Amino acid sequence: ADSPIYVSVRLNAGNNAQAGDLVSKGENALGTTFRIGTYDNQGSPGSNYLNFFSFMATEDNTSVNLTSNNTSGLVIENFGTGQFPINNIVLNRGQSYTVAVRPDQATGNRAGLIGALVSSDKPIVVNSGSANGSFGNGGARDYGIDQIVELSKVGKEYIFVRGDGADSFENILVVAHEDNTEVYVNGDTNPVANIGAGSYYIIEGDSFTNNNMYVSTSKDVFIYQGVGGLNTQGNPSEANQGMFFVPPLSCGSRGDVN
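Written as structure tokens, this is what we have:
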């Protein structure tokens, strides 16, 4: 467009079932280094759960490499029992590649894609998340997907506002890119976790204070937020949840909004 526009993709599973959406990050989506986030599926995953990430090349002859620390027991769709790394995936402009796992097929699939590293030699765009799944441990499910940004655009300080869900799925997923990444919650001087490159830590919903949470880290991290909604009876429901990629606090985003 010749002026700024907003683009989102919204989808549903049909029959008034699960639904989700992602917001395009525009030119900010372009990058070469990304860390993946999905639901962690603590309960008993159903046959229609799917964790995935996809990427699309924006230039010809783009080479992409995929690596991960979490390869134990991972079963990738249409890839057999092969595990990471998957190297030198060559794509031309507009071509895409998808990696997906079914959490019901293997225990390692439940959270096995979280923290996976997607790196390329030319700018790509990446979508990540779960087409059905949950941060909770019940039997309900919903979509949690988003377009993400690369390492140079993430940070060390984040603010979160709680949704209408229960503690079990009002979660914050922190994904480290470097070793010895300390995670602090609500200004506490003692870290709640120290995680390595490609590892993750989940902050449960009971860490919100007055429906807000402040998270800081010693090194730049990728962060995803799980939020919940109410059912028709007005109660928190694991069947009404979502997940989205969260931008860090930035001096450039403070001030007036026109």
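Per the numbering used here, the sequence shown runs over residues 45 to 302.
Glycine included, each C-beta is placed from N, C-alpha and C at the ideal position.
Here the structure is a predicted model, which means the values were calculated and not measured.
In the same chain as Asp190, and ignoring 5 residues on each side of it, the C-beta atoms closer than 8 Å to its own belong to Leu66, Val67, Asn171, Ser172, Gly173, Tyr268, Met287, Phe288, Phe289, in chain order. By the beta-carbon neighbour count (other beta carbons within 10 angstroms, threshold 16), Tyr244 is buried. Note on geometry: alpha-carbon atoms of Leu274 and Arg137 lie some 42 Å from one another.
Look at Asp65 here: in three-state DSSP terms it is strand.
The beta carbon of Val119 sits closer than 8 Å to the beta carbons of Thr125, Val145, Arg146, Gln149, Ala150, Gly152, Asn153 from its chain, once the five residues preceding and following it are set aside; these are given in chain order. For Val134, the uninterrupted beta strand (DSSP E) segment begins and ends at 130-135. The continuous stretches of beta strand (DSSP E) do not include Tyr187, and DSSP gives it neither H nor E. Between Glu121 and the set Ser107, Ser140, Leu110, Asn95, the nearest pair of CA atoms involves Asn95. By the Cβ test, the region 81-91 is in contact with the region 172-187, since at least three Cβ pairs between them sit closer than 8 Å. Under the three-state reduction of DSSP, Thr102 is assigned to coil, being neither helix nor strand. For Leu157, no beta strand (DSSP E) segment is defined, and its DSSP state is neither H nor E. According to the DSSP secondary-structure assignment, Tyr228 is paired through a beta bridge with Ser260. Between Asn230 and Tyr258, the beta carbon gap of about 5 Å places them in contact (Cβ cut-off 8 Å).
If you check the CB distance, Asn132 and Asn109 come in under 9 Å. In terms of Cβ geometry, Gly207 and Val271 form a close pair [threshold 9 Å]. With a contact defined as Cβ atoms closer than 8 Å, Phe99 and Val162 qualify at about 6 Å. Residue state for Asn95 is assigned as strand, using DSSP reduced to three classes. Excluding residues up to 5 positions away in sequence, Val169, Gln191, Val193 lie with their Cβ nearer than 7 Å to the Cβ of Ala73 in the same chain.
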